[in-house]
Amino acid sequence: MRITMTCAALALALGSAPAFAQSGEITIWSWNVAASSLKATIAGFNKQFPDVKVTVQDLGNQPTYDKSIAGCAAGGVGLPDVVTIENGEAENYWSQFPDCFVDLHTLGYTADDQKKFPDFKRTELEVGDKAYAMPWDSGPVAAFYRRDFYEKAGVDPASIKTWDDFIAAGKKIQSANPGVSMTNADFNGDSEFFRMISNEQGCAYFSEDGQSITVNQPKCVDAMTKVKEMKDAGIISSADWGTKITNNTAGTVATQIYGGWYEGTIRTESAGENGKWGVYLMPSLTADGPRAANLGGSSLAITSASKNKEAAYAYLKYTLGTNEGQITMLKEFGLVPSLVSALDDPYVAQGLSYWGGQAVWKDILGTLPKVVPSRGTQFQSDAEIIVRAVQTKYLTGGYPDAKAALDDAASQIAAATGLPVKS
Amino acid sequence: MRNRNATAYRFLTPYLLIFAIFWVWPIISSFMISFQATRTVPWRFAPSFNWGRLIGDPAFFNALKNTLLILVIQVPVMISLALVMAVLLNSPLLKARGLYRFAFFAPVVVGEVAYSAVFRLMFNLDFGIINKLLNSVGLPKIDWFSNVTPAMALIMIAVTWRWAGYNAIILLAGMQSIPEDVYEAATLDRVSKLKQFFYITLPLLKPVIVFCLVLSIIGTMQLFTEPFLITERGGPGGGTETLGLLLYRQGFRSLNFGYASAVAYTMAGLAIAITLAQLWLTREPK
Amino acid sequence: MSSRSSARLGRSIALHLFLTPLALIWLFPLWMMVVFSTMPDNGIFSPGIELLPHGNFIDNFNNLQRDTNFVGAIGISVSVAVTYTILSVLLTSMAGWALARYQFFGKGAVVAIILGTITLPYAVVLIPQFIMVARDFKLANTWVALIVPPLFNSLGVLFMRQSFSMMPDDLFDAARVEGVKEWRIFLFVALPLARPMLAALAIILFLASWNNYLWPLLINSQPGSMTAPVALGTLIGLTKVSWGGIMAGAVMLTVPMLVVFVLLQRHFIAGIAAGAVK
């Protein structure tokens with residue numbers, strides 16, 4: 001504890017040093033497209049800070065988490081300077097290892113800086129007056145679809161307003177395109193459709209203050225019911241992350257519904273399908289219902305063990321806190337900026353050739369203001385596992401209805417976390 | 001056997017030293033952590049927090065059920081198969097014995113990462129060779145990863161593939177240590193090969209079979225790699241979650257070290273209890 | 001006479017008819033591993049049935065080498081496994097010798113420790129052990145951390161105890177009468193006699209170290225110092241999954257072990273026979 005205090009004091013003292021004095025090496029742990037996009041910003045960063053050498057290590061999602069946890073548990077041993085943290089898992093870190101990461105305020109992160117990011121991205125990253133991480137990207141949900149498959153079935157995506165429309169369109173598309181599934185869901189290791197539709201309808205696993213369980217509230221029940229209707233209609237075939245990508249490339253799926261960060265995945269992984277893909281808003285439960293949700297999104301935190309905290313903060317500030325850094329990542333890999341000002345960048349309004357000239361970011365980012373905040377809490381991973389188990393059982397007829405399924409989930413989450421179920 | 005404390009410990013010291021330095025404290029500390037509430041910092045002593053939760057936790061019972069299911073179905077199937085392999089490999093009629101041996105024993109050397117990756121590709125829903133072969137003979141393809149029963153079957157298939165040969169090696173070795181003249185005498189008395197198997201081989205092999213069973217029980221109680229890497233962390237929805245995986249998930253994913261430790265000691269206790277019960281059931285009559 | 005030999009032939013044919021398909025099924029995943037490692041990714045995920053190798057192994061390997069320095073990782077894995085095997089064979093046979101040949105105070109406790117630790121799931125020790133080794137001993141990213149903690153190997157000790165206790169007492173008593181010191185008896189009489197068992201143990205320990213995943217993943221976080229399975233494991237989590245590359249790595253991890261296995265098969269089986277059968 002005393003060591004941490006000294007470090008913080010030292011950091012405070014050094015924090016006031018002028019920016020051009022930064023030098024040294026920093027290392028960042030990240031994964032997948034996120035790691036690639038961090039690498040893409042290094043060149044721009046080095047124009048301002050030529051003496052800072054940035055190394056991004058792509059460890060894969062799971063090892064990054066495992067090794068960060070182990071490193072924190074060991075008092076910071078072996079940790080890099082910067083760690084990528086998913087928002088949904090963030091509170092787990094702060095509650096269990098409050099000393100593992102630096103309060104960014106000690107490095108010059110001001111209230112004005114914080115205001116540049118939307119509230120829903122910051123709730124999980126800040127505890128009391130401490131800010132442990134800087135928001136990075138978010139995941140406004142959209143439907144990515146194959147224009148050719150839709151056209152062949154005579155389906156106009158603009159006509160799909162509700163999930164029921166989506167089911168009807170799916171049946172048409174599947175009969176017009178043999179071997180093609182309307183959409184994919186990872187029924188093996190995720191509950192993404194339930195989470196997306198719940199969030200769209202303003203329902204989450206926990207209440208916004210994180211003090212009670214809300215997973216069995218009526219809107220969540222509606223969402224779960226709809227997932228089963230889609231599965232029973234035969235328009236969803238199951239596929240995990242890797243298989244979804246394979247299906248995209250092989251042309252065996254017509255639609256993927258995911259966070260906006262999936263834009264980069266489709267564009268870079270299925271580069272050969274140039275011009276065939278398009279984007280429309282996610283459907284809703286009712287024709288005039290909300291059509292915006294958030295799925296995923298990450299942040300960057302600086303470890304207390306870092307020997308180059310100022311250089312690390314300078315990098316965060318450039319990459320996440322400037323339009324230049326954020327737009328680089330959007331252009332290269334489709335990571336959706338959390339930085340509000342970046343949304344006014346001219347690139348956002350441009351038609352993109354991969355997407356058949358559609359200005360997809362205008363459509364996707366337009367939903368951001370309508371996203372209802374959904375808090376992860378430190379119990380997110382417990383709750384998620386329970387929901388997946390209940391979902392699996394419900395989809396195979398293990399419960400009379402979605403209400404019974406989610407009541408069961410709520411009581412299990414209560415047992416695991418000690419939180420009350422909201423009545 | 002000689003009673004020599006100093007000499008014995010001189011031989012044991014390096015080994016025990018490593019135990020003392022690297023293992024004693026982790027084992028003790030995880031036991032103590034199991035009595036602490038570790039959800040929030042600072043951790044506090046609260047014995048009922050984890051152990052009480054264990055008794056009423058559906059996730060624990062789900063993992064226990066899955067583990068026992070594998071124990072009851074997969075272990076006997078695998079040991080029987082290993083026995084068949086061993087008997088047939090031991091047959092004097094067999095040609096190209098080395099090739100067959102290689103086929104059955106080779107999986108033993110395959111690393112867990114490599115083997116899991118191959119199985120995931122082979123059992124892929126749309127592009128996996130297994131479903132393609134099923135399709136080609138007119139059977140419907142199976143969604144191995146998204147439904148509980150096929151996913152569980154997949155885990156059992158994978159574990160059987162990996163470990164049957166290992167057990168066959170042990171059983172084969174046991175068979176080869178049975179003296180030839182026992183069989184020669186039986187053959188002279190015109191006892192059929194099948195009868196020889198049931199009345200000579202099996203009884204003489206019993207201690208070896210028990211040894212294999214004990215190893216398999218201990219292994220199954222800790223089963224982790226296959227549901228972790230093949231069915232994507234115990235999917236679908238915990239359908240293949242084992243106790244080993246529950247422990248990992250509580251420890252590493254939910255950072256709930258206290259509960260993870262409680263689960264671990266329950267697993268160890270169960271493994272010992274089942275092993276003892278099994279040794280007692282198969283004991284030699286006095 | 002002729003009826004008996006024709007019955008024999010019939011049985012032989014039946015035996016091969018049963019065992020051949022079973023052997024083919026057993027080889028199938030390994031064969032597919034080889035096939036996948038020679039196919040481009042779009043070939044692995046194509047609708048057709050592909051059962052024969054293609055020509056893409058070198059490309060796949062180059063992808064793998066670009067994503068992670070796999071050759072370097074294999075080098076580390078080999079060095080770690082060799083060092084570990086030598087040390088572990090020595091330590092476990094010393095401990096096994098003590099348990100097999102001497103009566104001493106606390107023997108019951110030592111045996112209880114060995115048996116007890118077999119049933120304890122490794123995952124529970126993993127976290128406190130990591131904290132201790134990394135934070136308190138400051139050994140993260142060192143060879144010591146990779147090699148030394150796994151040297152405590154209960155099954156190896158039990159195996160060697162079994163091997164030594166099967167040797168007749170008079171072998172050693174003769175030497176003792178001549179006044180030969182115990183450690184010399186162990187080194188120059190017992191160990192040479194136990195050579196087949198040591199070979200078997202060495203293979204098993206080498207294999208265990210070669211395939212070890214969880215501990216090296218945590219303790220060796222420095223890039224360029226990962227062991228081969230860890231390097232391969234990181235690839236599976238990536239977006240740009242190059243399955244052909246992963247399979248090429250899998251083949252490179254597996255084939256050398258298969259060769260070792262074939263060459264030393266006799267030791268392997270003979271050794272296990274000695275350990276498993278009382």
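Chains E, V and C supply the protein sequences, listed in that same order.
For the first sequence, full-length UniProt numbering begins at 1 and goes up steadily by one.
For the second sequence, full-length UniProt numbering begins at 1 and goes up steadily by one.
For the third sequence, full-length UniProt numbering begins at 1 and goes up steadily by one.
Virtual Cβ for every residue (Gly too), placed ideally from N, Cα, C.
Check	Outcome
Contact check, Gly334 (chain E) vs Trp261 (chain E), beta carbons under 8 Å	yes
CB contact check: Val110 (chain V) to chain C, cutoff 8 Å	yes
Pair within 8 Å by beta-carbon distance, Phe164 (chain C) and Ala199 (chain C)	no
Minimum Cβ-Cβ distance from Gln65 (chain C) to chain V less than 8 Å	no
Residues within the region 89–101 of chain E neighbouring chain V, beta-carbon criterion of under 7 Å	Asn92, Ser95, Gln96, Pro98
Contact set between Ala73 (chain E) and chain C, taken where Cβ atoms lie within less than 8 Å	Ile127, Phe130, Ile131
Sequence-distant residues of its chain with Cβ nearer than 6 Å to Thr367 (chain E) (five each side left out)	Pro140, Ala292
Beta strand (DSSP E) segments (min. 3 residues) lying fully within the region 279–330 of chain E	298–302
Close beta carbons around Ala248 (chain C), own chain, < 7 Å, minus the five adjacent residues each side	Ser37, Phe57, Asn60, Phe61, Leu64
Any 3 or more C-beta pairs closer than 8 Å across the region 300–320 of chain E and the region 125–144 of chain E	yes
Cα-Cα separation between Leu258 (chain C) and Ala158 (chain E), rounded to whole angstroms	58 Å
Neighbourhood of Thr227 (chain C) by C-beta, 8 Å cutoff - its chain only, sequence neighbours within 5 removed	Ala73, Ile76, Ser77, Val80, Leu146, Asn212, Pro216, Asn220
Distance, Phe261 (chain C) Cα to Leu99 (chain C) Cα	29 Å
Pro47 (chain V) beta carbon less than 8 Å from that of residue 424 (chain E)	Residue 424 (chain E) cannot be examined here, being either before or after the span of chain E that is shown, 1 to 423.
Asp103 (chain E) to Ser304 (chain E) span [Cα, whole Å]	9 Å
Span separating the alpha-carbon of Ser213 (chain V) from that of Ala8 (chain V)	The amino acid occupying residue 213 (chain V) in the given sequence is Leu; Ser does not appear at that position. Using only the alpha carbons, I get a separation of about 32 Å.
Every unbroken beta strand (DSSP E) within the region 92–161 of chain E, with a cutoff of 3 residues, ordered by chain	133–135, 141–146
Of the residues V:Asn124, V:Leu281, V:Ala262, the one placed nearest Ile55 (chain V), counting alpha carbons only	V:Ala262
Exposure of Ile197 (chain E), with buried meaning 16 or more beta-carbon neighbours within 10 Å	buried
Spatial neighbours of Lys422 (chain E) in its chain, beta-carbon cut-off 8 Å, leaving aside the 5 residues before and after	Ser207, Ser212, Ile213, Thr214, Gln217
Cross-chain neighbours of Gly233 (chain C) in chain V, by beta carbon under 7 Å	Val113
Endpoints, alpha helix (DSSP H) assigned at Tyr258 (chain E)	No alpha helix (DSSP H) holds Tyr258 (chain E); the beta strand (DSSP E) holding it covers 253–259.
Members of the region 25–37 of chain C near chain V, C-beta cut-off 7 Å	Trp26, Leu27, Pro29, Leu30, Met32, Met33, Phe36
Pro14 (chain V) (DSSP reduced to helix, strand or coil)	helix
Cβ pair Met230 (chain E), Ile257 (chain E) closer than 8 Å	no
Any alpha helix (DSSP H) of 4 or more consecutive residues that is wholly inside the region 343–376 of chain E	346–349, 360–365
Beta-carbon proximity list for Ile142 (chain V), same chain, < 6 Å, skipping 5 on both sides	Pro150
Between the CA atoms of Phe206 (chain C) and Ala106 (chain V) - distance to the nearest angstrom	15 Å
Neighbour list for Thr246 (chain E) in chain C, Cβ cutoff strictly below 7 Å	Phe45
Test item: CB-CB of Met78 (chain V) and Trp163 (chain V) under 8 Å	yes
Cβ neighbours of Gln114 (chain E) in the same chain (closer than 7 Å, five flanking residues each side left out)	Arg122, Ala131
Buried or exposed by the 16-neighbour rule on C-beta atoms within 10 Å, applied to Lys317 (chain E)	buried
Ile49 (chain C): contacting residues in chain V (beta-carbon distance under 8 Å)	Ile129, Lys132, Leu133, Ser136
Where Ala190 (chain C) falls: helix, strand or coil (DSSP)	helix
Which listed residue (V:Leu270, V:Ile169, V:Leu243, V:Pro92) has its alpha carbon closest to that of Pro227 (chain V)	V:Leu243
Under 8 Å between C-beta atoms of Ser175 (chain E) and Thr40 (chain V)	no
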